[in-house]
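Worksheet: one structure, shown below.
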Ligand SMILES: [Cu+2]
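Residue numbers (our numbering): 181 to 412.
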């Protein structure tokens with residue numbers, strides 16, 4: 181093997197990018213990233229896996245159309261599983277931009293930072309599994325890209341029925357800080373409104389009165405009314 185080839189191979193193997201791709205907690209390439217997937221390690225409070233649940237989660241702009249004022253969303257906003265369930269997620273991104281699924285609040289001894297993370301940098305699909313503890317709890321599921329959760333990409337995963345609804349889940353719970361669309365009724369706003377109403381009446385009248393055919397019609401109607409008024 182030529183010296184140049186050996187050097188190139190060494191650089192590739194020792195490069196940070198290659199190291200990141202093979203990190204035990206992270207898988208990534210130029211299209212996706214998965215962090216903290218856990219298909220086989222049982223939580224401390226689970227003697228065995230109670231059920232295998234296959235969940236397909238789609239993400240994208242079109243899923244937000246059913247929610248007023250929202251821009252991004254998942255196709256579902258809530259999932260329910262049994263304690264100690266193994267969840268096999270198929271994540272589908274329907275947009276041309278990045279979206280994530282992040283599940284928060286998981287035990288740190290199994291999931292660093294308490295989370296599982298699936299991410300697609302554009303349209304595509306990937307799969308990952310994780311096992312939930314036995315605790316009756318509601319986990320936050322969201323996309324952490326700036327403004328994506330605020331714009332609707334937020335959901336909840338309930339284990340054993342969950343311990344309540346999280347706030348600001350589209351279609352499920354009220355927003356903590358609701359969007360405000362109030363009008364500032366200042367004198368200038370009133371003046372603009374009155375002007376618009378007047379123009380709305382005046383412009384059609386001017387157009388009608390200046391149209392030749394309209395004049396003929398108006399004249400005929402006028403003459404007809406005059407003839408009907410004449411005494412027989
Ligand atoms: Cu997103």
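Ideal Cβ placement from N, Cα and C applies to all residues, glycine included.
Distance cut-off 6 angstroms: residue i Cβ against heavy atoms of ligand 1
i, result
"residue 215", "no"
"residue 323", "yes"
"residue 241", "no"
"residue 328", "yes"
"residue 279", "yes"
"residue 333", "yes"
Simplified DSSP assignment, three categories, for residue i
i, result
"residue 198", "For residue 198, the pLDDT reaches just 47, beneath the cut-off of 50, and the residue's location in the model is therefore unreliable, although a value from the coordinates is still provided. The answer is helix: DSSP assigns residue 198 an H, G or I state."
"residue 296", "strand"
"residue 229", "coil"
"residue 321", "strand"
"residue 371", "helix"
"residue 314", "coil"
"residue 396", "helix"
"residue 236", "strand"
"residue 406", "helix"
"residue 389", "helix"
"residue 302", "coil"
"residue 169", "Lying before the first or after the last residue shown, residue 169 is absent from the chain, which here runs from 181 to 412."
"residue 382", "helix"
"residue 244", "helix"
Option in the options with minimal Cα separation from residue i
i, options, result
"residue 254", "263, 260, 273 and 385", "273"
"residue 214", "359, 280, 225 and 248", "280"
"residue 325", "342, 317 and 282", "282"
"residue 364", "322, 356 and 373", "373"
"residue 416", "309, 246, 216 and 312", "Nothing about residue 416 can be reported from this structure: the residues present for the chain run from 181 to 412 only."
"residue 237", "249, 226, 210 and 268", "268"
"residue 223", "398, 390 and 310", "310"
"residue 258", "406, 322 and 395", "322"
"residue 256", "291, 337, 207 and 205", "337"
"residue 212", "271, 393, 382 and 339", "271"
"residue 252", "275, 266, 265 and 264", "275"
"residue 241", "344, 327, 307 and 375", "327"
"residue 312", "343, 356 and 285", "285"
Distance, residue j Cα to residue i Cα
i, j, result
"residue 301", "residue 354", "30 angstroms"
"residue 404", "residue 384", "24 angstroms"
"residue 341", "residue 261", "8 angstroms"
"residue 315", "residue 229", "14 angstroms"
"residue 295", "residue 361", "35 angstroms"
"residue 409", "residue 401", "13 angstroms"
"residue 379", "residue 234", "60 angstroms"
"residue 239", "residue 289", "29 angstroms"
"residue 333", "residue 231", "27 angstroms"
"residue 227", "residue 220", "12 angstroms"
"residue 397", "residue 329", "60 angstroms"
"residue 205", "residue 346", "28 angstroms"
"residue 356", "residue 250", "15 angstroms"
Limits of the beta strand (DSSP E) - the one that residue i falls within
i, result
"residue 259", "258 to 261"
"residue 273", "266 to 273"
"residue 441", "Only positions 181 to 412 of the chain appear in the structure, and residue 441 is not among them; the question remains open."
"residue 206", "206 to 208"
Residue i, enclosing alpha helix (DSSP H) - first and last residue
i, result
"residue 283", "Taken as a continuous stretch (DSSP letters only), residue 283 belongs to no alpha helix (DSSP H), being part of the beta strand (DSSP E) at 279 to 284."
"residue 339", "Element bounds for residue 339: not the alpha helix (DSSP H) but the beta strand (DSSP E), 334 to 339."
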